[in-house]
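I have placed the structure first, in the form of structure tokens, so that the comments after it can refer back to it.
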Amino acid sequence: VEPLPTTGPEIAPYELATLRHYMRYAAAAYGPAVLNKYFYTEKPIPTASNFMDMWLEGVKTHLGNNCRLVHAEPASTWIRPAYFIAVDGRSRSLVLAIRGTLSAE
């Protein structure tokens, strides 16, 4: 087995900016339970009774004014992961953000 290379191809600054931009969507797919822990520690973590409202508020706050949520399914089922669809005003694109698991199982 060969060791991994210590240097790789250069990444242009605009590519890093694009990655950072879309990483916000990936993080937002996890909703307030994750966003509050790392980004908005002063906000409460949602409870079952206010989950959807807090989830939407957390995602909108994280993504900012250049994003419009089109559809959201913030809770997963055993056959469908949580996801949201948004229109990104900056890139003028439709973004589908699919959440991975929040469970260690």
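In this note's numbering, the protein residues as written are 25 to 129. Glycine included, every Cβ here is placed at the ideal spot set by N, Cα and C. All figures in this text were calculated on a predicted structure; none of them were measured in a lab.
Assuming residue 97 is part of the beta strand (DSSP E), what are its boundary residues?
What you label residue 97 is simply residue 73 of the sequence shown in a count that begins at 1. Note, residue 97: beta strand (DSSP E), 91 to 97.
**Asked** Are residue 111 and residue 120 closer than 7 Å when you measure CB to CB?
**Response** Residue mapping note: residue 111 aligns to position 87 of the sequence shown, counting from 1. Residue mapping note: residue 120 aligns to position 96 of the sequence shown, counting from 1. No, these two residues do not count as a Cβ contact at 7 Å.
Distance, residue 34 Cα to residue 96 Cα | Within the sequence shown, the letter at position 72 stands for residue 96. Within the sequence shown, the letter at position 10 stands for residue 34. Their backbone Cα atoms lie some 36 Å apart in a straight line.
Under the three-state DSSP convention, the category residue 54 falls into: Within the sequence shown, the letter at position 30 stands for residue 54. Residue state, collapsed to three classes: coil.
- [ ] Could you tell me if residue 40 is buried or exposed, where buried requires 16 or more neighbouring beta carbons within 10 angstroms of its beta carbon?
- [x] Working through the sequence shown from its first residue, we reach residue 40 at position 16. That one is exposed.
Considering only the beta carbon of each residue, do residue 114 and residue 90 sit closer than 7 Å?
For the purposes of this step, residue 114 is taken as residue 90 along the sequence shown, with counting starting at 1. For the purposes of this step, residue 90 is taken as residue 66 along the sequence shown, with counting starting at 1. Going by C-beta atoms, residue 114 is nearer than 7 Å to residue 90.
Notebook entry, point to check: For residue 49, does the count of other Cβ atoms within 10 angstroms reach 16, so buried, or fall short, so exposed?
Noted result: Position 25 of the sequence shown, counting from 1, holds the residue named residue 49. Buried is the call here.
DSSP state of residue 25 mapped onto helix, strand, coil = Walking along the sequence shown from the start, residue 25 turns up at place 1. Looking at residue 25 - three-state DSSP - the assignment turns out to be coil, as it is neither helix nor strand.
Would you call the CB atoms of residue 123 and residue 106 closer than 7 Å?
Counting from one through the sequence shown, the residue named residue 123 turns up at place 99. Counting from one through the sequence shown, the residue named residue 106 turns up at place 82. Yes. Within cutoff.
| query | What are the boundary residues of the alpha helix (DSSP H) that includes residue 81? | reply | The residue given as residue 81 occupies position 57 in the sequence shown. First-last of the alpha helix (DSSP H) with residue 81: 75 to 87.
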